[in-house]
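Engineer:
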Amino acid sequence: SDQVVSFHTMKDEKSMGHQRTIQPTSNRAALLATFLHLSEKVGRRLRRKQTRGRTISIRIRYQSFHSEGRRVTLSRPLSDGYAIYGQVKELFQPVFLLDRVRLVGVTVSNLEWGAEQQQLFMKDAHRMESALAACDLLNDRYGEMVVRRGSLMQIQKKQDIPGLGFQKRFITDASSEELDA
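When the letters of the sequence shown are read in order and numbered with our numbering, they come out as residues 1 to 181.
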């Protein structure tokens with residue numbers, strides 16, 4: 001006796017992730033830059049849904065379409081993209097690239113809905129959450145990745161990483177010139 005369940009009555013997501021198909025490369029710095037971008041996007045989605053996750057997973061698909069993945073489960077849940085990236089970097093470090101990579105992905109699972117992220121220094125945690133919330137508001141208003149970590153800006157200058165530019169353009173009131181970071 002199978003039951004039909006409406007889409008709206010289904011439980012919350014069990015994981016959140018992003019993946020990107022890229023030009024095949026074996027450049028580890030370019031792959032890490034893409035992982036950082038994806039980690040930031042996942043963190044933003046987690047915060048928007050007011051959730052955090054304990055399990056961080058990466059996915060790598062090679063040009064030959066062979067795929068491999070790695071994951072780690074943490075004692076504390078995360079929603080900060082840079083903290084997620086720290087785990088992604090550790091997962092990726094021992095990977096021996098068998099071929100050029102054509103797709104990378106980051107997923108956070110083992111979600112805790114409405115849970116507060118535990119930090120040793122609550123004052124610093126509150127300041128970080130406030131800063132992340134402000135970045136999320138600006139990115140919502142002006143386009144994805146308008147505000148991003150400085151390390152992403154440096155990487156973008158050195159390499160052509162797709163998807164790290166502005167998605168919207170805007171005009172300043174003072175000079176009426178179009179900005180293009």
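C-beta: ideal position from N, C-alpha, C; glycine also. Predicted, not measured: the structure shown is a model, and the values here were computed from it.
Alpha carbons only, please: which of Gly69, Asp80 and Thr107 is nearest the one belonging to Pro94?
Structural biologist: Gly69
Engineer: Using CA coordinates, which residue listed in Trp113, Ser67 and Pro77 is at the minimum distance from Asp99?
Structural biologist: With distances taken between Cα atoms, Asp99 lies closest to Ser67.
Engineer: Give the single residue among Glu40, Arg102 and Thr107 whose Cα lies nearest to the Cα of Phe189.
Structural biologist: This structure gives no information on residue 189, because the portion of the chain shown stretches from 1 to 181.
Engineer: Please name the residue, chosen from Ser57, Glu112 and Ala131, that lies closest to Phe35 on a Cα-to-Cα basis.
Structural biologist: Ser57
Engineer: Thinking C-beta only, is Pro77 closer than 7 Å to Arg52?
Structural biologist: Yes, the Cβ-Cβ distance between Arg52 and Pro77 is below 7 Å.
Engineer: Please report the residue range of the alpha helix (DSSP H) in which Glu13 lies.
Structural biologist: It is not in any alpha helix (DSSP H) - Glu13 carries neither H nor E in the DSSP assignment.
Engineer: Which parts of the region 75 to 119 are runs of the alpha helix (DSSP H), unbroken and 4 residues or longer, counting only runs that do not cross its ends?
Structural biologist: 81 to 92
Engineer: Could you pull the start and end residues of the beta strand (DSSP E) that Ser57 belongs to?
Structural biologist: Counted as a single uninterrupted DSSP element, the beta strand (DSSP E) harbouring Ser57 occupies residues Thr51 to Tyr62.
Engineer: Look up Ser67 in the DSSP assignment and say whether it is helix, strand or coil.
Structural biologist: DSSP places Ser67 in strand when its eight states are reduced to three.
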